[in-house]
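What follows is a set of notes on a single structure, which appears directly below.
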Amino acid sequence: MSVHISNQIIKKEWIDYNNHMNMAYYVLVFDDVWEIMLEKFLMGEKSAKSSNRSTMVVETYTTYNSEVKLDDEVEINLSFFDHDKKRLHYKMEMIDKSSGKLSATLEMLSLYIDLEKRKVTEFEEDKVRVMDTFISSNKTKFDNSNLVFAGKLKK
314 MSVHISNQII KKEWIDYNNH MNMAYYVLVF DDVWEIMLEK FLMGEKSAKS SNRSTMVVET
374 YTTYNSEVKL DDEVEINLSF FDHDKKRLHY KMEMIDKSSG KLSATLEMLS LYIDLEKRKV
434 TEFEEDKVRV MDTFISSNKT KFDNSNLVFA GKLKK
């Protein structure tokens, strides 16, 4: 199970000479869609501009499971999410909508950053509350097996 975030249509500019989506654009799609979750957690672009705090990715692990091609529609789902005082750990999956096949996964570890000091900082209480509520209401949909970054959070 997982939490659906968004659907995307594969664009012409993402297609390479092998006639499928170039590997770099998988990461772009995941990153663009992750912004939806950051907004939900009060950490997106608006928050970064008003609070001078944001997230920065420090580690990623990507799998490419099944190719996608021009005009394919894919679903982006969140299959795992957790946090500690300063870190986000999440995994997303890309599913080809027509076949239901897993196309790719992206697991990330991000740090919460004070943009003025350019240093890691702790999440504010309101953000922790929003994330914990989200986790509590979705934990049965998450799969914590096969996580590359398991154990990196300091709880």
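Under the numbering used here, think of the first position of the sequence shown as 314, with each following residue one higher.
Heads up, the beta-carbon is just placed ideally off N, CA and C, and yes, glycines get one too.
Residue i classed as buried or exposed, judged by whether at least 16 other C-beta atoms fall within 10 angstroms
i, result
"S392", "buried"
"A417", "buried"
"I322", "exposed"
"S315", "buried"
Residue i and residue j closer than 8 Å at C-beta
i, j, result
"N335", "K410", "no"
"K404", "L460", "yes"
"L351", "D439", "no"
"M407", "V342", "yes"
"L383", "I349", "no"
"S364", "R400", "no"
Whole-Å CB distance - residue i paired with residue j, under 8 Å assumed
i, j, result
"H317", "V381", "Between V381 and H317 the Cβ distance is about 17 Å, and since that is not below 8 Å, they are no contact."
"F455", "E372", "Between E372 and F455 the Cβ distance is about 19 Å, and since that is not below 8 Å, they are no contact."
DSSP beta-bridge partners of residue i
i, result
"K399", "Paired residue(s): none; K399 is not in a bridge."
"I408", "E388 and L415"
"E372", "L422"
Three or more C-beta pairs below 8 Å linking the stretch 373-389 and the stretch 423-435: The stretch 373-389 vs the stretch 423-435: no contact.
- Evaluate contact between the stretch 435-455 and the stretch 376-383, counting only Cβ atoms and requiring at least three cross-stretch pairs below 8 Å. The stretch 435-455 is not in contact with the stretch 376-383.
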